[in-house]
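J.: First the structure, then my questions, so here it is.
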Amino acid sequence: MPPSIHPVQLISVLRLKSLTPAIIFLTSRRSCDEALQSFGQGGVSISPARREGITAVLEELTVEYPSIQDHPLREIVTTYGVAAHHAGHLPSWKIAVEELMRRGCLDAVFATTTLAAGVDFPARTVVLTQSGVRRDQDFTDLSVAEVGQIAGRAGRRGKDSVGFAIVTPSPYMDLGVLVRGLTGRPEPLDSQFVISYPMVLNLLKAHPVDHIQSILAKSFAQYQLNEQAERLESRHEKIHDKLVSYAPRECSDWLTQWNAYDHATRQAAQKLHARRHVPPEVSERLPYLTPGRLVTFPRFRGVVLRSYRSRGQHRDMVTVLRNGGTVAESAVADITSVGSRCFDFTPAPAFPWANQETLAWLNQQLESLPKQSPAMVMSPVIPEESGDDLVKSLGDLFPCPTCRCRPTCAKEFNAANKLKQEALHNARSVQSLRTGLWHKFQERADTLHELGYLDAGYKLTSDGDWARLIRIDYSLLITELIRAHAFNGVSPPVLAGLMASISYDNDRPSSFPRITAALAALVTVARRMADALAVHDDPPLLRADVGGLAEQWVGDPTITWPQLCRGTSAAEGDVYRILSRTLEYLSQIHSLHATHAELGAVAAQAMDRIRRGVLEELP
Amino acid sequence: MTRNDLERALAELPFRLLRRLARSTVGPHILRSGKRRMIHAILAVSETNPERIDAAIRTARAEQQAIEAVPAIVPDADAAQKNKPVDLGTFLEGLGVPEPKPFVPDPWQLEALDALLQGDVIVSVPTGSGKTYVAVEATRRAMMEDRTVVYTSPLKALSNTKFTEFKKIFGPESVGILTGDRRDNPQAPILIMTTEILRNLLYDAAGGEIDLRLDTLGLVILDESQFLADPERGVVWEETIIFCPSQARLLLLSASIGNPQELAAWLTSIRPYPCHLVRHQHRSVPLRAGYLHPSGKLTPLFRTVSMPPSPSQAVLHPEAKRLFTQYEEDTLHTRRSG
Numbered sequence: 000m001p002p003s004i005h006p007v008q009l010i011s012v013l014r015l016k017s018l019t020p021a022i023i024f025l026t027s028r029r030s031c032d033e034a035l036q037s038f039g040q041g042g043v044s045i046s047p048a049r050r051e052g053i054t055a056v057l058e059e060l061t062v063e064y065p066s067i068q069d070h071p072l073r074e075i076v077t078t079y080g081v082a083a084h085h086a087g088h089l090p091s092w093k094i095a096v097e098e099l100m101r102r103g104c105l106d107a108v109f110a111t112t113t114l115a116a117g118v119d120f121p122a123r124t125v126v127l128t129q130s131g132v133r134r135d136q137d138f139t140d141l142s143v144a145e146v147g148q149i150a151g152r153a154g155r156r157g158k159d160s161v162g163f164a165i166v167t168p169s170p171y172m173d174l175g176v177l178v179r180g181l182t183g184r185p186e187p188l189d190s191q192f193v194i195s196y197p198m199v200l201n202l203l204k205a206h207p208v209d210h211i212q213s214i215l216a217k218s219f220a221q222y223q224l225n226e227q228a229e230r231l232e233s234r235h236e237k238i239h240d241k242l243v244s245y246a247p248r249e250c251s252d253w254l255t256q257w258n259a260y261d262h263a264t265r266q267a268a269q270k271l272h273a274r275r276h277v278p279p280e281v282s283e284r285l286p287y288l289t290p291g292r293l294v295t296f297p298r299f300r301g302v303v304l305r306s307y308r309s310r311g312q313h314r315d316m317v318t319v320l321r322n323g324g325t326v327a328e329s330a331v332a333d334i335t336s337v338g339s340r341c342f343d344f345t346p347a348p349a350f351p352w353a354n355q356e357t358l359a360w361l362n363q364q365l366e367s368l369p370k371q372s373p374a375m376v377m378s379p380v381i382p383e384e385s386g387d388d389l390v391k392s393l394g395d396l397f398p399c400p401t402c403r404c405r406p407t408c409a410k411e412f413n414a415a416n417k418l419k420q421e422a423l424h425n426a427r428s429v430q431s432l433r434t435g436l437w438h439k440f441q442e443r444a445d446t447l448h449e450l451g452y453l454d455a456g457y458k459l460t461s462d463g464d465w466a467r468l469i470r471i472d473y474s475l476l477i478t479e480l481i482r483a484h485a486f487n488g489v490s491p492p493v494l495a496g497l498m499a500s501i502s503y504d505n506d507r508p509s510s511f512p513r514i515t516a517a518l519a520a521l522v523t524v525a526r527r528m529a530d531a532l533a534v535h536d537d538p539p540l541l542r543a544d545v546g547g548l549a550e551q552w553v554g555d556p557t558i559t560w561p562q563l564c565r566g567t568s569a570a571e572g573d574v575y576r577i578l579s580r581t582l583e584y585l586s587q588i589h590s591l592h593a594t595h596a597e598l599g600a601v602a603a604q605a606m607d608r609i610r611r612g613v614l615e616e617l618p
Numbered sequence: 000m001t002r003n004d005l006e007r008a009l010a011e012l013p014f015r016l017l018r019r020l021a022r023s024t025v026g027p028h029i030l031r032s033g034k035r036r037m038i039h040a041i042l043a044v045s046e047t048n049p050e051r052i053d054a055a056i057r058t059a060r061a062e063q064q065a066i067e068a069v070p071a072i073v074p075d076a077d078a079a080q081k082n083k084p085v086d087l088g089t090f091l092e093g094l095g096v097p098e099p100k101p102f103v104p105d106p107w108q109l110e111a112l113d114a115l116l117q118g119d120v121i122v123s124v125p126t127g128s129g130k131t132y133v134a135v136e137a138t139r140r141a142m143m144e145d146r147t148v149v150y151t152s153p154l155k156a157l158s159n160t161k162f163t164e165f166k167k168i169f170g171p172e173s174v175g176i177l178t179g180d181r182r183d184n185p186q187a188p189i190l191i192m193t194t195e196i197l198r199n200l201l202y203d204a205a206g207g208e209i210d211l212r213l214d215t216l217g218l219v220i221l222d223e224s225q226f227l228a229d230p231e232r233g234v235v236w237e238e239t240i241i242f243c244p245s246q247a248r249l250l251l252l253s254a255s256i257g258n259p260q261e262l263a264a265w266l267t268s269i270r271p272y273p274c275h276l277v278r279h280q281h282r283s284v285p286l287r288a289g290y291l292h293p294s295g296k297l298t299p300l301f302r303t304v305s306m307p308p309s310p311s312q313a314v315l316h317p318e319a320k321r322l323f324t325q326y327e328e329d330t331l332h333t334r335r336s337g
């Protein structure tokens, strides 16, 4: 059995059960096109009367949209009564498909899920073949709202008494997601408010800086943040109520007091522990274990080369040259007696802690020593302040040791301290929820001040006054380029090319026409600028190859739409989108004509040249 | 009991009891399978442990008799009929073109229009229930008061559709369209634009450039307002709503969303007049869900004809469930071997 139903069979089943017209939602543009092409082999053609109907509608639309005339898909659409509708097509063709659907001329349209959110064209039936949708690089599950949008296309008001949503399986489809989507409640809307540079400039143009905070407070973002803050505050009250039972007793702030006391006690105990570890016989020997000292162990004698404290177990150790010439590590505790003899030599800083000659000489001395050598008489170590005294001495600093609350404090400290920390954390969160947006605004405003669009009083400078008119993504990059005179003497095609490469945010690889050296140079300048601004604003992709497309269309007025599309592997719809986005960016540059007459004129020229052929069909 | 007897006895058991039996003897994984598969699994167990199966069948039968012995509790025939999964004939029943009816606006549409007299309105209803009617009527009313109307949509394509539609209704001279780089009849009383353009107009006005159109602005219609939550462009909707002149009414049209009350409460808190929320889940054309197997077999997706009201009450049609399980098994198999 095939992994999913064949499009031709799917349509014939739908026709048989009178479930047409239908919209079939597929994963990708490619699968839509392939589904359509498969009708070329084995599709059932529609009746001549219906064919004429479709042709008539298309003829009618051709008057307004000439690009429909020779559309390559026209043949399939008129023969089989099916069409594809996705972002790879020209808007005019999409309008034609929508119109055909609205008039009931088509049996089925293969579409991607972008259609669901886009245009208004219902059908009797929608067919769902997937539970996921491609977003950026990932495949994510359709949300309830998205499934709702898709299912919402089923059932035309006044033309159908029932609408149908048909699920047909394909590999990797999760039926659960679709069942949830068809029956569940849509997700809540969450604010996506971001503070952009143009927003800061435009707000400061119209309002003094002390009004800004109250304006930001009107956003849905702040409304939702406030709701969150209120929830936290109500929890805060509860915590406060609980903290009341841990009210002040003997001292006003017993938590801090106890915390400090507890800390001090712990530290004292640690010190004690470290000290107790050293037995007295070891500590009394330590001062004598200088390099060159003769020491006796139960089974050998040796000369101390160095003494140290082992890192792991914190034991006092010595490195000893044993009789026989070996250098070895031994514990101080193992020494049976410390000799009164001390050889004089210069120790080396690393193993074996003395040079070879010295070692040989020391060994010789060892061998020549009599069996019994006089032992050192050691003075006993005076024991230092004992541990109990140390804890008692805390009594001078803290009232706690003798306080009558001491047991209760000790018992309740952990619980109370946890509550107190939570309260503090809460208060901080509430604070940041309430003022976060304003701080973000200040951060942006400071950047703009640094760059010279705002003066110290957050008023617009002359540069800021025109820069606020650029209200698109990457506005900072564009205004900085203008201020750096990067556009001096730029030609319309090169300007259009750069705007295309700034505006295009898709990294899907495709091939585009070659670019000229002038555009390449400008893109390099822009890239360097974008990198310098990267700390303030995410840099655009700046694909030079995309720029080539706009450059060619603007630079060569004789080139036709099919010729342009032949020069690239991008779909027609994408080419259209690149150019119409470029138009939008150019019109923003054109809006600066009052202050930048020359640049404005170039932008206007570029816009004029873009708007021809297919680009002129729609407003 | 021979194997055949046992098989017959199992087949006679009601499916509910069979499921329970299968669950206790074979294990919970068997519950995803159909009846036949379940019986085979139980028979396989019975070969190794016949006493256990016999005992289980006796208990099941006793339960069945206990249920049958209390006729009062047995639901009446209608309910039993209701409990039966819907068949394909009923599922496809009523399909076709409805009788042409004179258009009568739905109560919620009138409610939205009346509420616009008092303040802002949010309409959150399923796709295709007739939001456009509200937009058109509200526009007509504003036009009668010599007010400018701005209609915004998130996409150029939608703007174009609405431009054509409104020109047909109100005449070409009274509808204009503004895009990023072009203005078509920009002094018309009805202006269609993308939300970004309106945002820019509002910023220009706030910056001191006087635009007469904004002074006479009476109504701002924001279509597809659920775009407010769009990660990249959502901020534009917020800016538009915040800076919308206070004398203009806002009409937010949106598909079903999860938290329209929150949105309405927000609007009420920042706008001079209260915001009225119009919402419902009722589709004007009822929806039914079906399952189409790659073999070409069509069955209802759910047990009931109409859509279950919530995911917890969504019970798959046994046939759809069986086909889908089978599909998963088959594709899993081919995937493994291929």
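Protein chains in written order, with numbering that gives the first Met the number 0: chain Y, 0 to 618; chain P, 0 to 337.
From the three backbone atoms N, C-alpha and C, an ideal C-beta is built for every residue, glycine too.
#1: Less than 8 Å between the C-beta atoms of L249/P and L221/P, yes or no?
#2: Could you name the residues of the same chain whose beta carbon sits closer than 8 Å to that of A332/Y, not counting the 5 residues immediately before and after it, in chain order?
#3: Could you tell me whether the segment 109–117 of chain P touches the segment 131–146 of chain P, using the rule of 3 or more Cβ pairs below 8 Å?
#4: Are the beta-carbon atoms of G154/Y and G179/P separated by less than 8 Å?
#5: Nearest chain Y C-beta to E328/P closer than 8 Å, yes or no?
#6: What do you get for T401/Y, buried or exposed, if any count of 16 or more other CB atoms within 10 angstroms of its CB means buried?
#7: For D69/Y, count neighbouring C-beta atoms within 10 Å of its own C-beta (all shown protein chains included) and say buried if the count is 16 or more, exposed if not.
#8: Select from R443/Y, I577/Y, V429/Y, L591/Y the residue whose C-alpha is nearest the C-alpha of E221/Y.
#9: Is there a Cβ of chain Y sitting closer than 8 Å to that of S173/P, yes or no?
#10: Any chance you could list the alpha helix (DSSP H) runs of at least 4 consecutive residues sitting entirely within the segment 235–269 of chain P, in chain order?
#11: What's the gap between the Cα of K155/P and the Cα of I176/P?
#12: C341/Y bridges to which residues according to DSSP?
#13: Using a 10 Å radius around the Cβ and a threshold of 16 neighbouring Cβ atoms, would you call G180/Y buried or exposed?
#14: How would you list, in chain order, the residues of chain Y whose beta-carbon sits under 9 Å from the beta-carbon of Y290/P?
#15: Does the CB of L251/P have a neighbour CB from chain Y at under 8 Å?
#16: Name the residue from N354/Y, A259/Y, F138/Y whose alpha carbon lies nearest to the alpha carbon of S27/Y.
#17: For G147/Y, which residues in chain P fall below 8 Å Cβ to Cβ?
#18: Between the segment 468–482 of chain Y and the segment 190–206 of chain Y, can you find at least three pairs of beta-carbon atoms closer than 8 Å?
#19: Going by Cα to Cα distance, which pick from Y290/P, T303/P, P310/P is closest to F323/P?
#20: Report the neighbours of N201/Y on chain P: residues whose CB is nearer than 8 Å to its CB, in chain order.
#21: So what does DSSP say about G456/Y, is it helix, strand or coil?
#22: Below 8 Å between beta carbons: does that hold for T112/Y and I23/Y?
#23: Three-state secondary structure (DSSP) at R19/P?
#24: At a Cβ threshold of 8 Å, is W107/P touching chain Y?
#25: Select from F296/Y, A499/Y, A603/Y the residue whose C-alpha is nearest the C-alpha of A330/Y.
#26: Could you check the C-alpha separation between H484/Y and H448/Y for me, to the nearest Å?
#27: Could you pull the start and end residues of the beta strand (DSSP E) that G554/Y belongs to?
#28: Against Q8/Y, what residues of chain P qualify as contacts under a CB-to-CB distance less than 8 Å, listed in chain order?
#29: Within 8 Å (strictly less), CB to CB, does S336/P reach chain Y?
#30: Just by C-beta distance, which residues in the segment 222–235 of chain P are closer than 9 Å to chain Y?
#31: Who are the Cβ neighbours of P90/Y in its own chain at under 8 Å, not counting the five residues just before and after it?
#32: Short check: CB of V557/Y to CB of G612/Y, under 8 Å?
#33: Measure from the alpha carbon of Q40/Y to the alpha carbon of each residue in N505/Y, T515/Y, V7/Y, then state which is nearest.
#34: Just to make sure I have the definition right: I need the residues of chain P whose C-beta is within less than 7 Å of the C-beta of E583/Y. Which are they?
#35: If we ignore side chains and look at the alpha-carbon of each, how far apart do Q191/Y and K83/P end up?
#36: Taking the C-alpha atoms as reference points, what is the distance between Y584/Y and G257/P?
T.: For this structure:
#1: The sequence position of residue 249/P within the second sequence is 250, counting from 1. The sequence position of residue 221/P within the second sequence is 222, counting from 1. Yes, they are a contact pair.
#2: Along the first sequence, one-based indexing puts residue 332/Y at 333. Here the set comprises P278, E280, V281, R314, D315.
#3: yes
#4: Indexing the first sequence from 1 puts residue 154/Y at position 155. Indexing the second sequence from 1 puts residue 179/P at position 180. In this structure, G179/P does not lie closer than 8 Å to G154/Y by Cβ.
#5: Stepping through the second sequence from its first residue, residue 328/P is reached at position 329. No, no contact with chain Y.
#6: Here residue 401/Y refers to the residue found at position 402 when the first sequence is read from its first residue. Per the 10 Å Cβ criterion, exposed.
#7: For the purposes of this step, residue 69/Y is identified with residue 70 of the first sequence, where counting begins at 1. Its Cβ having fewer than 16 others within 10 Å, D69/Y is exposed.
#8: One-based indexing of the first sequence puts residue 221/Y at position 222. Here residue 221/Y turns out to be Gln, not Glu, going by the sequence shown. The shortest Cα separation from Q221/Y among R443/Y, I577/Y, V429/Y, L591/Y belongs to V429/Y.
#9: The residue given as residue 173/P occupies position 174 in the second sequence. Interface residue (Cβ-Cβ distance to chain Y less than 8 Å): S173/P is not classified as such.
#10: 259–269
#11: Residue numbering aside, residue 155/P sits at position 156 when the second sequence is read from its first letter. Residue numbering aside, residue 176/P sits at position 177 when the second sequence is read from its first letter. Rounded to the nearest angstrom, the two C-alpha atoms are 10 Å apart.
#12: Within the first sequence, residue 341/Y is the residue found at index 342, counting from 1. DSSP, once it has assigned bridges, lists R292/Y as partnering C341/Y.
#13: Here the question's residue 180/Y lines up with position 181 in the first sequence. By the 10 Å Cβ count, G180/Y comes out buried.
#14: As a working note, residue 290/P is residue 291 in the second sequence. The contacting residues are I165, V166, T167, P168, L174.
#15: What you label residue 251/P is simply residue 252 of the second sequence in a count that begins at 1. No, L251/P does not count as interfacial toward chain Y.
#16: Taking the first sequence and counting its residues from 1, the one referred to as residue 27/Y is at position 28. When only C-alpha atoms are compared, the closest one is F138/Y.
#17: Translated into positions along the first sequence, residue 147/Y becomes position 148. Those within 8 Å of G147/Y in chain P are P125, T126, A254, S255.
#18: yes
#19: The residue you call residue 323/P lines up with position 324 of the second sequence. Closest by alpha carbon: Y290/P.
#20: Here residue 201/Y corresponds to residue number 202 of the first sequence, with the count starting at 1. Going along chain P in sequence order, the residues near N201/Y (Cβ under 8 Å) are Y202, A205, G206.
#21: Mapped onto the first sequence, residue 456/Y falls at position 457. Of the three classes helix, strand and coil, the one that applies to G456/Y here is coil, per DSSP.
#22: In the first sequence, residue 112/Y corresponds to position 113, counting from 1. In the first sequence, residue 23/Y corresponds to position 24, counting from 1. Against a cut-off of 8 Å, the Cβ pair of I23/Y and T112/Y comes out as no contact.
#23: To locate residue 19/P, count along the second sequence from 1; it is residue 20. Note: R19/P maps to helix in three-state DSSP.
#24: The residue you call residue 107/P lines up with position 108 of the second sequence. Chain Y contact via Cβ: absent.
#25: Mapped onto the first sequence, residue 330/Y falls at position 331. Considering only alpha carbons, the answer is F296/Y.
#26: Here residue 484/Y corresponds to residue number 485 of the first sequence, with the count starting at 1. Here residue 448/Y corresponds to residue number 449 of the first sequence, with the count starting at 1. Approximately 20 Å between the Cα atoms of the pair.
#27: Taking the first sequence and counting its residues from 1, one reaches residue 554/Y at position 555. Taken as a continuous stretch (DSSP letters only), G554/Y belongs to no beta strand (DSSP E), being part of the alpha helix (DSSP H) at 543–554.
#28: One-based indexing of the first sequence puts residue 8/Y at position 9. Under the 8 Å cutoff, chain P gives G295.
#29: Mapped onto the second sequence, residue 336/P falls at position 337. Any reading at S336/P must be qualified, since the residue scores a pLDDT of 49, below 50, and its modelled position is unreliable; no value is offered.
#30: E223, S224, Q225, F226, L227, A228, D229, P230, E231, R232, G233, V234
#31: Indexing the first sequence from 1 puts residue 90/Y at position 91. Around P90/Y: G572, Y575, E616, L617.
#32: The residue you call residue 557/Y lines up with position 558 of the first sequence. The residue you call residue 612/Y lines up with position 613 of the first sequence. First, the amino acid is wrong: residue 557/Y is Thr here, not Val. No.
#33: In the first sequence, the residue the question calls residue 40/Y occupies position 41. Residue V7/Y is the option with its Cα nearest to Q40/Y.
#34: Locating residue 583/Y in the first sequence gives position 584, where the first residue counts as 1. Simply G179, D180.
#35: The residue labelled residue 191/Y in the question sits at position 192 within the first sequence. The residue labelled residue 83/P in the question sits at position 84 within the second sequence. For Q191/Y and K83/P, the distance between alpha carbons rounds to 47 Å.
#36: As a position in the first sequence, residue 584/Y is number 585, starting the count at 1. As a position in the second sequence, residue 257/P is number 258, starting the count at 1. The alpha-carbon atoms of Y584/Y and G257/P are separated by roughly 35 Å.
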